[in-house]
Amino acid sequence: MAKKLKRNEDQQTAEVVRMSSQEIWQAGLSAFAKAQEEEGKFFSMQLFEERVLRALSSIGVPTAGEVAALHRRIDELSLQVAALRAAEKLKNSRR
Numbered sequence: 201m202a203k204k205l206k207r208n209e210d211q212q213t214a215e216v217v218r219m220s221s222q223e224i225w226q227a228g229l230s231a232f233a234k235a236q237e238e239e240g241k242f243f244s245m246q247l248f249e250e251r252v253l254r255a256l257s258s259i260g261v262p263t264a265g266e267v268a269a270l271h272r273r274i275d276e277l278s279l280q281v282a283a284l285r286a287a288e289k290l291k292n293s294r295r
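Quick note, the sequence shown lines up with residues 201 to 295 if you use the working numbering.
The following block contains the structure:
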């Protein structure tokens, strides 16, 4: 009787371990499938962004980097103009 109980407990333990490992396996497969799906979405988004960038570039729309460079250049030129005006005022005030 004790052997039968022990065997029954062993079978129950084995079944619990089997079910647990099956759940872990299924969770892993689910995570893998989700990762593949997200990778596909990411790739599609990258492809879309590249196509939009090429289209905008082909019609002459400047990139964000080009606009930022123009802003920096305008700031530099504004400082130079202000310095020239200040020098001109100083020169005219001495006359």
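Backbone N, C-alpha and C fix where the C-beta goes; we use that ideal spot for every residue, glycine too. Here the structure is a predicted model, which is why all the values come from computation and not from measurement.
Note the first and the last residue of the continuous alpha helix (DSSP H) segment covering residue i.
i    : result
I274 : 264-294
Roughly how many whole angstroms lie between the Cα atoms of residue i and residue j?
i    : j    : result
F248 : E239 : 14 angstroms
R285 : A268 : 26 angstroms
R294 : Q280 : 21 angstroms
S278 : L290 : 18 angstroms
Q246 : L253 : 11 angstroms
I274 : L229 : 56 angstroms
L270 : K241 : 34 angstroms
What residues in its chain sit with their C-beta under 7 angstroms from that of residue i, if we drop five residues either side in the sequence?
i    : result
E209 : none
P262 : none
Please confirm if residue i has its CB atom under 9 angstroms from at least one CB of chain C.
i    : result
V252 : Here there is only one protein chain, and chain C is not present.
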